[in-house]
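What follows is a set of notes on a single structure, which appears directly below.
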Amino acid sequence: MSLKLSTHLRAMFTVMGKELRDIFRDRRTLLLALGLSPILVPVLLIGMGTLGEKRARAQIEQPLELPVVGREHAPNLMAWLEGQNVNLKAPPADINAAIARQDEDVILRIGADYPKRWRASQPAPVEILFDSTRQDTQIPLSRLQGLLGAYSGQVGSLRLLARGVNPGTASTLQVSRTDMATPEAQRGRLLAVLLPYFLILSAFLGGAYLILDATAGERERQSLEPLLATPAARGAIVSGKIAAACTLAVLALLLTLLGFKLGALLSPTIGRQIDVSFLSISKLLVILLPMVFIGTTLLTYLAATAKSMKEAQSHMTWLMLLPMIPTIVLMVNPVKTQLWQFAVPFLAQNQLILKVVRGEVITAQQWVVYLAAGFGLAAVLWWAATRRYQHEQLAISG
566 MSLKLSTHLR AMFTVMGKEL RDIFRDRRTL LLALGLSPIL VPVLLIGMGT LGEKRARAQI
626 EQPLELPVVG REHAPNLMAW LEGQNVNLKA PPADINAAIA RQDEDVILRI GADYPKRWRA
686 SQPAPVEILF DSTRQDTQIP LSRLQGLLGA YSGQVGSLRL LARGVNPGTA STLQVSRTDM
746 ATPEAQRGRL LAVLLPYFLI LSAFLGGAYL ILDATAGERE RQSLEPLLAT PAARGAIVSG
806 KIAAACTLAV LALLLTLLGF KLGALLSPTI GRQIDVSFLS ISKLLVILLP MVFIGTTLLT
866 YLAATAKSMK EAQSHMTWLM LLPMIPTIVL MVNPVKTQLW QFAVPFLAQN QLILKVVRGE
926 VITAQQWVVY LAAGFGLAAV LWWAATRRYQ HEQLAISG
């Protein structure tokens, strides 16, 4: 038994070494495998985070450009707004068109009966015009709503004081807000949306270059048949190819995570949005490790069933969409974290990555469920790929 196992392992490592030598000879493919994701993903996310933060800071710090319709109806309000870093200007001739063209983010409209209701100490009508589908509208809208709320509160208090009434009597509740989110979660809102998808995709398809070439590519070049004709067991050959692809994928993944570490040193923005300590990087690597094996074994099976390299590569289109599913689902239908989620591929990785980004603790039970389910699925896919390698037609190019 031990001799058979030893022979099996020797054959597996021989195939693994052969595949790694082949991929390292192909420098262009190696550059794509080890350079594209480690460079592109950190640069893309760091660039987006930096750009988003700078734009938000500029919108908050710069004067608010505010077109006002009917400004003559509320001179006191206009004077107060001008003292709050707001530049008032004439409204456009066509308000709907100006909003649609994004010429203006928000427009304030003062009702014609504003003076009459104001003098009667009644709520005076003001209307904020905006397009809720425009992301750039959110900060100007929030600023204007805050200013109008502050002005309304000040005037209301003065009216009560003028009547000899304590303004506090008008407030039946004193509501305070305490954000219980961790500082890491608050800083990582943007990356919480983008980071899981990019990391899961990098892990899931990290071994694609090698495994597609090692199966469908060799089959097309008719170099797979001599390998299958050797005394080595088919399981050892499959394991060797998968081990080589996983080694390359893990190396690319590690370089990607270290790219975030380097990015944090070069750009303080990324360091404020996500914890890039070596402990967090280690957690992310462990989280993504089962996905590396799941993706590689699945690609091995698909490549073994394909009749050509072109057919094998066609699977990449729908495989790239799979990691997007949990991100989209959680955006439109947020769900509370439950234990069963850690057994669902892609959703489990998404939830665990978010926990690391938010600085939350991953319990031992969650780790056990996740790792057992992840490596269990990888084992099933390995078995399916091995079964496929048993077919004699595999070595024959379609």
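Residue 963, in our numbering, is where the sequence shown stops; the numbers in between run on with no holes.
Where is the CB? At the ideal position from N, CA and C, for every residue including glycine.
Bear in mind the structure is a predicted one, so any value in this text is a computation, not a measurement.
If you drop the 5 nearest sequence neighbours on each side, which residues of the same chain put their C-beta closer than 6 Å to that of Ala750?
Numbered from its first residue, the sequence shown carries residue 750 at position 185. Note that Ala750 scores 48 on pLDDT, short of 50, meaning its location in the model is unreliable; the coordinates nonetheless yield the value given after this. Once the five neighbours on either side are set aside, the close Cβ partners of Ala750 are Arg923.
Within this structure, are the beta carbons of Ala814 and Gly860 separated by less than 9 Å?
Residue mapping note: residue 814 aligns to position 249 of the sequence shown, counting from 1. Residue mapping note: residue 860 aligns to position 295 of the sequence shown, counting from 1. It is a contact, given that the beta carbons lie within the stated cut-off.
Quick one: using the 10 Å Cβ neighbour count with 16 as the cut-off for buried, is His956 buried or exposed?
Start at 1 with the first residue of the sequence shown, and residue 956 comes out as number 391. Result: exposed.
Return helix, strand or coil for Ile846, following the three-state DSSP convention.
For the purposes of this step, residue 846 is taken as residue 281 along the sequence shown, with counting starting at 1. It is helical.
Determine whether the beta carbon atoms of Leu850 and Leu818 lie at a separation below 9 Å.
Here residue 850 is taken as the residue at index 285 of the sequence shown, counted from 1. Here residue 818 is taken as the residue at index 253 of the sequence shown, counted from 1. Their beta carbons are under 9 Å apart, which means Leu850 touches Leu818 by this criterion.
Please list the terminal residues of the continuous beta strand (DSSP E) segment that includes Ile693.
On the sequence shown, position 128 is the one that residue 693 refers to. Segment 691-695, the beta strand (DSSP E) holding Ile693.
Kindly indicate which residue of Val634, Leu792, Asp587, Trp932 has the alpha-carbon position closest to the one of Tyr954.
If you number the sequence shown from 1, residue 954 lands on position 389. Looking at the Cα atoms, Leu792 is the closest of the given residues.
If you draw a straight line from the C-alpha of Arg799 to the C-alpha of Leu904, how long is it?
Along the sequence shown, read from residue 1 onward, the residue named residue 799 stands at position 234. Along the sequence shown, read from residue 1 onward, the residue named residue 904 stands at position 339. Their Cα atoms are separated by approximately 37 Å.
So the beta strand (DSSP E) Arg674 belongs to, where does it begin and stop?
Locating residue 674 in the sequence shown gives position 109, where the first residue counts as 1. Taken as a continuous stretch (DSSP letters only), the beta strand (DSSP E) holding Arg674 covers 671-675.
Shortest alpha-carbon distance to Pro632 belongs to which of Pro657, Gly771, Asn915?
Looking up residue 632 in the sequence shown gives position 67. For Pro632, the nearest C-alpha among the options comes from Pro657.
Grab me the residues of Met885's own chain with a C-beta within less than 8 Å of its C-beta, minus the 5 sequence neighbours each way, in chain order.
Here residue 885 refers to the residue found at position 320 when the sequence shown is read from its first residue. Contacts found: Leu766, Leu770.
Taking the C-alpha atoms as reference points, what is the distance between Ala943 and Leu895?
If you number the sequence shown from 1, residue 943 lands on position 378. If you number the sequence shown from 1, residue 895 lands on position 330. Ala943 and Leu895: Cα-Cα distance of roughly 25 Å.
Mark Leu854 as exposed unless 16 or more other C-beta atoms lie within 10 angstroms of its C-beta, in which case mark it buried.
Counting from 1 along the sequence shown, the entry for residue 854 is found at position 289. The residue in question, Leu854, is buried, as its Cβ has 16 or more Cβ neighbours within 10 Å.
Express the C-alpha separation of Phe695 and Ala677 in angstroms, rounding to a whole number.
The residue given as residue 677 occupies position 112 in the sequence shown. The residue given as residue 695 occupies position 130 in the sequence shown. Approximately 20 Å between the Cα atoms of the pair.
Using DSSP with H/G/I as helix, E/B as strand and the rest coil, what is Lys681?
Working through the sequence shown from its first residue, we reach residue 681 at position 116. Reduced to three states, the DSSP call for Lys681 is helix.
Along the alpha helix (DSSP H) that carries Pro705, what are the first and last residues, could you check?
Numbered from 1 along the sequence shown, position 140 holds the residue referred to as residue 705. Pro705 -> alpha helix (DSSP H) spans 703-727.
Between which two residues does the alpha helix (DSSP H) containing Pro791 stretch?
Translated into the one-based positions of the sequence shown, residue 791 becomes position 226. Element bounds for Pro791: 789-793.
On the DSSP letters alone, give me the boundaries of the alpha helix (DSSP H) that Lys875 sits inside.
As a working mapping, residue 875 is identified with position 310 in the sequence shown. Looking at the DSSP string, the run of the alpha helix (DSSP H) that includes Lys875 is 874-879.
Got a sec, what are the start and stop residues for the alpha helix (DSSP H) Asn661 sits in?
Locating residue 661 in the sequence shown gives position 96, counting from the first residue. In the DSSP assignment, Asn661 falls within the alpha helix (DSSP H) that extends over 660-665.
Give me the Cα-Cα distance between Ile675 and Tyr716, rounded to the nearest whole angstrom.
Stepping through the sequence shown from its first residue, residue 675 is reached at position 110. Stepping through the sequence shown from its first residue, residue 716 is reached at position 151. For Ile675 and Tyr716, the distance between alpha carbons rounds to 15 Å.
Just the Cα atoms here: how many angstroms apart are Asn652 and Pro680?
By 1-based counting over the sequence shown, the position of residue 652 is 87. By 1-based counting over the sequence shown, the position of residue 680 is 115. For Asn652 and Pro680, the distance between alpha carbons rounds to 22 Å.
Does the distance from the CB of Leu946 to the CB of Thr870 come in under 9 Å?
What you label residue 946 is simply residue 381 of the sequence shown in a count that begins at 1. What you label residue 870 is simply residue 305 of the sequence shown in a count that begins at 1. No, Cβ-Cβ distance for Leu946 and Thr870 is not below 9 Å.
On the DSSP letters alone, give me the boundaries of the beta strand (DSSP E) that Leu653 sits inside.
Within the sequence shown, residue 653 is the residue found at index 88, counting from 1. That run of the beta strand (DSSP E) goes 651-654.
Can you tell which of Ile893, Asp670, Arg699, Leu709 has the C-alpha that lies nearest to the C-alpha of Trp645?
The count along the sequence shown starts at 1 and reaches residue 645 at position 80. Taking only the C-alpha atoms, the option nearest Trp645 is Leu709.
Between which two residues does the alpha helix (DSSP H) holding Leu631 run?
Translated into positions along the sequence shown, residue 631 becomes position 66. That residue, Leu631, is in no alpha helix (DSSP H); its beta strand (DSSP E) goes 629-634.
Quick check on this structure: which residue in Trp883, Ser697, Ser686 has the alpha carbon closest to the alpha carbon of Arg728?
Numbered from its first residue, the sequence shown carries residue 728 at position 163. Looking at the Cα atoms, Ser686 is the closest of the given residues.
If you count every other CB in all the chains shown that lies within 10 Å of the CB of Lys901, and 16 or more means buried, which is it?
Locating residue 901 in the sequence shown gives position 336, counting from the first residue. Within 10 angstroms of the beta-carbon of Lys901 lie fewer than 16 other beta-carbons, which makes it exposed.
With distance defined between alpha-carbon atoms, name the residue in Arg590, Val921, Asp778 nearest to Ser842.
Within the sequence shown, the letter at position 277 stands for residue 842. Of Arg590, Val921, Asp778, the residue nearest in Cα terms is Val921.
Take Ala808 and list the residues in its own chain whose beta-carbon comes closer than 7 Å to its own, dropping the five residues that flank it on each side.
Numbered from 1 along the sequence shown, position 243 holds the residue referred to as residue 808. Excluding residues within five positions, the ones whose Cβ falls inside 7 Å are Met577, Met581.
Give the secondary structure of Gly771 by DSSP, where H, G and I count as helix, E and B as strand, and everything else as coil.
As a first step, residue 771 is located in the sequence shown; it is residue number 206 there, counting from the start. Looking at Gly771 - three-state DSSP - the assignment turns out to be coil, as it is neither helix nor strand.
Since Val720 and Ile672 are thought to touch, with beta carbons under 8 Å apart, how far apart are those beta carbons, to the nearest angstrom?
In the sequence shown, the residue the question calls residue 720 occupies position 155. In the sequence shown, the residue the question calls residue 672 occupies position 107. Actually they are not in contact, since the Cβ atoms of Val720 and Ile672 sit about 22 Å apart, beyond 8 Å.
Whole angstroms is fine: what's the gap from Met874's alpha carbon to Leu867's?
Start at 1 with the first residue of the sequence shown, and residue 874 comes out as number 309. Start at 1 with the first residue of the sequence shown, and residue 867 comes out as number 302. Rounded to whole angstroms, Met874 to Leu867 spans 11 Å at the Cα level.
Could you say which of Ser567, Leu574, Lys569 lies nearest to Ala801 if we only look at CA atoms?
Position 236 of the sequence shown, counted from the start, is the residue given in the question as residue 801. Minimum Cα distance to Ala801 is reached at Leu574.
Assuming Phe907 contacts Val934 (C-beta within less than 8 Å), just tell me the rounded distance between them.
As a first step, residue 907 must be located in the sequence shown, where it is residue number 342. As a first step, residue 934 must be located in the sequence shown, where it is residue number 369. Between Val934 and Phe907 the Cβ distance is about 5 Å, and since that is below 8 Å, they are a contact.
Give me, in chain order, the residues of the same chain whose beta-carbon lies closer than 8 Å to that of Lys826; leave out the 5 immediate sequence neighbours on both sides.
The count along the sequence shown starts at 1 and reaches residue 826 at position 261. So the list reads Val841, Phe843, Ile846, once near-sequence residues are dropped.
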